[in-house]
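Undergrad: Quick one: the structure is below, questions incoming.
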Amino acid sequence: MNEQPQAQPEVGVDNDSGNNDILSPTSTFESANGGTATTSESQSTSDPPFVDAIAEFNDDNDVVVDTGTSTNIDTKNTVAAIFTNTNTNVANDIRTTTTLQRQTTKLTRLKEKLSKTKNSLAQEKNVKAKLYKGLVKLAAELKDAREECTTMKEAIKKNQEEMGMGGANGNGKTWYEGGMWRGPELLPGIQASARERMIRMRQMAGPAPNLNGNTFSEDDVDDSGGDGSQGGEGNNWAIPRRGKSAVSLSDLFFDLVIVTAFTRVGVAIQDRGGIEPSSFAYFIIFWLIWGKEASFSTRFDTTDLSCQVETLLTCFAVLFGSLSSTAPFDSDKGTSVMVLAAFVAMLHFLLHWRVWFWFKDVNPSSEMIAVKNYAVYIMVLTSVEVITWMIGIFVFSETSRFRGLVFLVAILVSFRLPRTFLPNDFHAACSKRGVLFILLLGFILQSIVMIASPFFDYQLPSSEQYFFLALVCFLLFCIKLLYVDDSFSVDPSDHALLVSRTAGFFFHLGQLILLLSTTVLGAGLNLLTHSYLSATASLQDKSKFLVCSGFAGVIFSIGFIKSMHLRRVPLNHGHRQLFYAAYGTQILVLLGVVYTTLRMSVAKTVTTIMMSELQMLGVLCGLVLFLLLISWLDEAVELNIYGGGDAREFRVHPFGLWTCLKPGMPQPPLFSSDTSRLSHLSPMLKDSNANLFDSQININIPNVYGSIRQVSGISGSGEDSERASLVKFNDEKADDGDRIDLVV
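Numbering-wise, the sequence shown is residues 1 to 744 according to the UniProt record's numbering.
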């Protein structure tokens, strides 16, 4: 009985140290049992708080309470055990509750994280679905584009095979297609230009056309004539069947005849020592005849019979008229020149009447309507010109003072405004102008050699005479270098002929002044050569005036022609300063050379009077060489700044010296409003979109496939995103079903 209460406190002692305060009565009792009675009494005096608990314990366990010391000890031990067990249970309950709370909190967090992950996965799934749908649509568009390109390549290949000779079934032989008797045909590319022109006119005048992968649908544009034919029986206008070089052999022969007429006018200038009104008028008439032929040959195929006959008759007329180009207005030879001009105008009236007759039944909605309108326009002008010449021939006599007025009115009527109704082949026109100028330089050099040949028939030329001829050749060669080919030196979009009609008109005037000045220079060089080889003591005033004034006119006209084109100013401030410095230096040097040579032509000082022919040529060669080096300054600056890169990538702002360079035809809305297309995409994607179709076929991609514009705020996302959608020509978005969503 006494040992069991002593063992229970040890169990209580093994519990948590947090229960030491509750177990303290038991340890006090044990020390009292083994110690003095005073301690027991002090312990017993503190028992009253346990009386109720002991009574309750006894009632629950049916314990009989006996009086005495042993009963007291058992009761106290029992109470201590009760409190020890109670404290242990409470501590365990507290720990369990804390653990449950922590696990509940952790579970709640995991549930929230799982919910967020599910929402994120659902959102990503929707985005992937939209992106996949857009890529599928894009793949379908690319497939359609590839099929169109393949079809076009096959058609072009078939066209090239048909243009070759000796086909399997005779398709390449021209007599199976009508040969010399076929109707008029447009040059390759002219129909496309007419189609694009009609597109722009319709965009500015009315609603935009429908896009079905092509510029126009079959309902919008009719390539056939009004009777269902292709503008003429047996002609397929959709794909031109014949190619044509820039300058054909027939054109080259005609240019030789025109240059011969120019040199005949130069002979008259050489004999009179200057330019008279009659010589000036004759030169313009010959130049206008060349312009009429060039205008027709850069739009239509000239290998058919009617064009060949017309070219031959024109050559006869120009050759016969050049024999009378040395006479004044008030003479029978002046009347011969008037007959020449009227005859050529009548030929071109008949030539364009044939074109009008061939295209008279075209549908007004077809781009071939431009051909018909152009033919009517030329017929009206040529008929007025013929009437004017007839009035001068039959109404006014040779001695009439109104003879010069007739020439003036007829010449003004003969001028044509550039890009009227039907555009021409730009590169072919540039090549023809260059060929005509080079032929004129060649004829000048030939005439100089012909003048020098009689002096060298009986004696060998000296070293000084060789040097003189070398200076003449060097002078003409430097002039050729100053006159660069516009089709290579200037971007077509910046060329004066394509900027505005006013700029194109002044560009043609510059070409006329250049050819006339070159003819004057040639006449002066002929006199200078004869004077030098005949060992004249001093330089003649006539030859000095013609050489210096002609040289000044050539330099000024070349600079004027170059100034008519648009220039691109760099974006960088430092590059812009170099740009202005380079072009400003060129202008100042050019004006200085022109002023110096003009002063030399009219000066009466002792230095200029006593100047020899060799010294005159040496001064002119030095000036033209210096001007040539300055003209190359811009290329040197570009090479220093941009290295091997394209300078056009850095030059974007247009710059023109003349107010007439303002573009006469605005750009389509696709280019004027959509300046930041594809700017929101990555450079790799932008480059791939830009080069995909260019690598397959040479077409203007934005004109065909529309552009991509940026739209912010995708509905339902709550955040600003970027959307790329196809845009039509009228600057409207495509249908929602055709929209491509890209999340960048």
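We put the beta carbon where it would ideally sit given N, CA and C, even for glycine.
I'd like to know whether the C-beta atoms of Gly266 and Gly553 end up nearer to each other than 8 Å.
TA: no
Undergrad: In angstroms with no decimal places, state the Cα-to-Cα distance between Ser431 and Asp301.
TA: 16 Å
Undergrad: Quick check on the burial criterion: 16 or more other C-beta atoms within 10 angstroms. Buried or exposed for Arg401?
TA: exposed
Undergrad: Round the Cβ separation of residue 753 and Pro328 to the nearest angstrom and send it over; I've been treating them as touching at under 8 Å.
TA: The first residue shown for the chain is 1 and the last is 744, placing residue 753 beyond what the model contains.
Undergrad: On the DSSP letters alone, give me the boundaries of the alpha helix (DSSP H) that Arg354 sits inside.
TA: 332-358
Undergrad: In whole angstroms, what separates the C-alpha of Gly404 from that of Ser397?
TA: Near 12 Å, if we compare the C-alpha coordinates of Ser397 and Gly404.
Undergrad: Give me, in chain order, the residues of the same chain whose beta-carbon lies closer than 6 Å to that of Ala281; leave out the 5 immediate sequence neighbours on both sides.
TA: Phe407
Undergrad: Between Ala429, Gly274, Val589, Trp389, which has its C-alpha nearest Ala341's C-alpha?
TA: Trp389
Undergrad: Can you list, in chain order, the residues of its chain with a C-beta nearer than 8 Å to that of Thr98? Leave out the 5 residues immediately preceding and following it.
TA: None.
Undergrad: Per DSSP, what kind of secondary structure is Val247 in: helix, strand or coil?
TA: coil
Undergrad: For Leu186, which three-state DSSP category applies?
TA: strand
Undergrad: Who are the near neighbours of Leu469 in its chain, counting only those whose CB is closer than 6 Å to its CB and skipping five residues on each side?
TA: Excluding residues within five positions, none has a Cβ falling inside 6 Å.
Undergrad: Based on Cα-Cα distance, which residue from Ser500, Ile387, Ala428, Ser557 lies nearest to Ile411?
TA: Ile387
Undergrad: Looking at the unbroken beta strand (DSSP E) that takes in Pro570, where does it start and where does it end?
TA: 567-570
Undergrad: Relative to the C-alpha of Thr260, which candidate in Phe283, His565, Asp634 has its C-alpha closest?
TA: Phe283
Undergrad: Are at least three pairs of beta-carbons, each pair with one atom in the segment 294-311 and one in the segment 554-573, less than 8 Å apart?
TA: Between the segment 294-311 and the segment 554-573, the count of Cβ pairs shorter than 8 Å is below three; the stretches do not touch.
Undergrad: Return the Cβ separation of Ala375 and Phe349 in integer angstroms, given the expectation that the two are a contact with Cβ distance under 8 Å.
TA: So it is not a contact: roughly 10 Å between Cβ atoms.
Undergrad: Taking the C-alpha atoms as reference points, what is the distance between Ala535 and Gln615?
TA: 14 Å
Undergrad: Any idea which residues DSSP pairs Phe300 with across the strands?
TA: According to DSSP, Phe300 bridges with Leu186.
Undergrad: Kindly list the residues whose CB is nearer than 6 Å to the CB of Leu417, restricted to its own chain and excluding five residues on each side of it in sequence; keep chain order.
TA: Arg501
Undergrad: If we ignore side chains and look at the alpha-carbon of each, how far apart do Leu590 and Asp494 end up?
TA: 22 Å
Undergrad: How far does the alpha helix (DSSP H) with residue 745 in it extend, from its first residue to its last?
TA: Residue 745 is absent from the structure shown; the chain starts at 1 and stops at 744.
Undergrad: Look up Thr117 in the DSSP assignment and say whether it is helix, strand or coil.
TA: helix
Undergrad: What's the C-alpha gap between Leu633 and Phe474?
TA: 21 Å
Undergrad: Buried or exposed for Gln308, please, with buried defined as at least 16 other CB atoms from any protein chain shown within 10 angstroms of its CB.
TA: exposed
Undergrad: Determine the extent of the alpha helix (DSSP H) in which residue 788 is found, giving its start and end residues.
TA: Beyond the ends of the chain as shown, which are 1 and 744, falls residue 788; an answer cannot be given.
Undergrad: On the CB-based measure, 16 or more other CB atoms within 10 Å of its CB, does Pro454 come out buried or exposed?
TA: Exposed is the call here.
Undergrad: Just tell me which of Leu481, Ser612, Glu148 has its CA closest to the CA of Leu629.
TA: Leu481
Undergrad: Can you check which of these residues, Thr596, Gly622, Val594, Leu627, is closest to Thr585 by C-alpha distance?
TA: The shortest Cα separation from Thr585 among Thr596, Gly622, Val594, Leu627 belongs to Leu627.
Undergrad: For residue 754 and Ala428, I'd like the C-alpha separation in whole angstroms.
TA: The question about residue 754 has no answer, for the chain in this structure spans 1 to 744.
Undergrad: Taking all protein chains shown into account, decide if residue 751 is buried (16 or more other Cβ within 10 angstroms of its Cβ) or exposed.
TA: Any question about residue 751 goes unanswered here, given that the chain covers just 1 to 744.
Undergrad: Going along the chain, which residues of its own chain have a beta-carbon closer than 7 Å to the beta-carbon of Met379, five neighbours each way excluded?
TA: Once the five neighbours on either side are set aside, the close Cβ partners of Met379 are Phe349, His352, Trp353, Trp356.
Undergrad: When burial is assigned at 16 or more other CB atoms within 10 Å of the CB, is Lys292 buried or exposed?
TA: buried
Undergrad: Tell me, to the nearest whole angstrom, how far the beta carbon of Thr519 is from that of Phe254; I am working on the premise that it is less than 8 Å.
TA: Actually they do not touch by this definition, with Cβ atoms about 18 Å apart.
Undergrad: Beta carbon of Leu347, beta carbon of Leu305: below 8 Å?
TA: no
Undergrad: Whole angstroms are fine: how far does the CA of Asp271 sit from the CA of Thr399?
TA: Roughly 23 Å separates the two Cα atoms.
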